[in-house]
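Please read the structure below before turning to the comments.
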Amino acid sequence: MRGSGNDLFYGGAGNDILSGEAGNDTLSGEAGNDTLYGSIGLNEKDTLIGGSGSDLFVLGHSSTVFYNGDGNNGYAIIVDLGSGDKIQLKGSASNYTLNKSLNFYGTAAKDTAIATNAGDIIGVVGDNTSLISGLNSTFLSYV
Numbered sequence: 368m369r370g371s372g373n374d375l376f377y378g379g380a381g382n383d384i385l386s387g388e389a390g391n392d393t394l395s396g397e398a399g400n401d402t403l404y405g406s407i408g409l410n411e412k413d414t415l416i417g418g419s420g421s422d423l424f425v426l427g428h429s430s431t432v433f434y435n436g437d438g439n440n441g442y443a444i445i446v447d448l449g450s451g452d453k454i455q456l457k458g459s460a461s462n463y464t465l466n467k468s469l470n471f472y473g474t475a476a477k478d479t480a481i482a483t484n485a486g487d488i489i490g491v492v493g494d495n496t497s498l499i500s501g502l503n504s505t506f507l508s509y510v
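The sequence shown runs 368 to 510 under the numbering used here.
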């Protein structure tokens with residue numbers, strides 16, 4: 368599913384593919400092994416919720432880093448990164464940094480921000496600084 372504007376998309380019990388495109392979108396895969404695509408656009412804050420199952424949060428593909436070029440004005444917030452889930456990024460670990468001292472989402476708990484070496488935050492793992500131990504974490508994959 369995809370659309371423009373500020374959209375709210377829900378998957379179901381199957382293995383869903385959700386893509387919000389333009390706007391500040393909320394994508395919720397719910398049950399199943401879902402693929403949730405962030406946005407190539409600038410100045411967008413999308414919320415990605417995998418739900419149960421092994422989910423893939425796509426923040427880049429072989430030709431593009433998503434949310435890149437607008438500093439901290441656009442990024443994906445990944446609400447429920449868990450066992451079996453992956454965050455897909457373009458390039459390699461050497462293209463990114465992690466910052467675990469910020470609070471972008473939810474409670475007073477710190478978040479893990481994934482940023483390009485140029486300083487653009489492209490993804491935030493909400494209320495969690497322990498799952499992603501480093502840029503070679505099993506939760507991260509590179510294309």
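Virtual Cβ for every residue (Gly too), placed ideally from N, Cα, C.
Practice task
Would you decide whether residue 450 is buried or exposed? Buried here means 16 or more other CB atoms lie within 10 Å of its CB.
Solution key: As a first step, residue 450 must be located in the sequence shown, where it is residue number 83. Counting Cβ neighbours within 10 Å, residue 450 comes out exposed, since fewer than 16 surround it.
Handout entry: Same chain, Cβ closer than 7 Å to residue 442, five either side skipped, listed in chain order
Key = As a first step, residue 442 is located in the sequence shown; it is residue number 75 there, counting from the start. Scanning its chain for C-beta atoms nearer than 7 Å, with the 5 sequence neighbours on each side dropped, one finds around residue 442 the residues 412, 434, 488, 489, 490, 491, in chain order.
Exercise for the section: With a 10 Å radius around its C-beta and 16 neighbouring C-beta atoms as the bar for buried, classify residue 426 as buried or exposed. Expected result: As a working note, residue 426 is residue 59 in the sequence shown. Burial check for residue 426: the Cβ neighbour count within 10 Å reaches 16 or more, so the residue is buried.
Exercise for the section: Would you identify the three-state DSSP class for residue 460, choosing helix, strand or coil? Expected result: Taking the first residue of the sequence shown as position 1, residue 460 is located at position 93. The answer is helix: DSSP assigns residue 460 an H, G or I state.
Handout entry: Spatially closest choice to residue 379 from 373, 392, 399, 393, by CA coordinates
Key = Taking the sequence shown and counting its residues from 1, one reaches residue 379 at position 12. Of the candidates 373, 392, 399, 393, 399 places its Cα closest to the Cα of residue 379.
Problem - Opening and closing residue of the beta strand (DSSP E) in which residue 480 lies - result: As a working mapping, residue 480 is identified with position 113 in the sequence shown. Taken as a continuous stretch (DSSP letters only), the beta strand (DSSP E) holding residue 480 covers 478–483.
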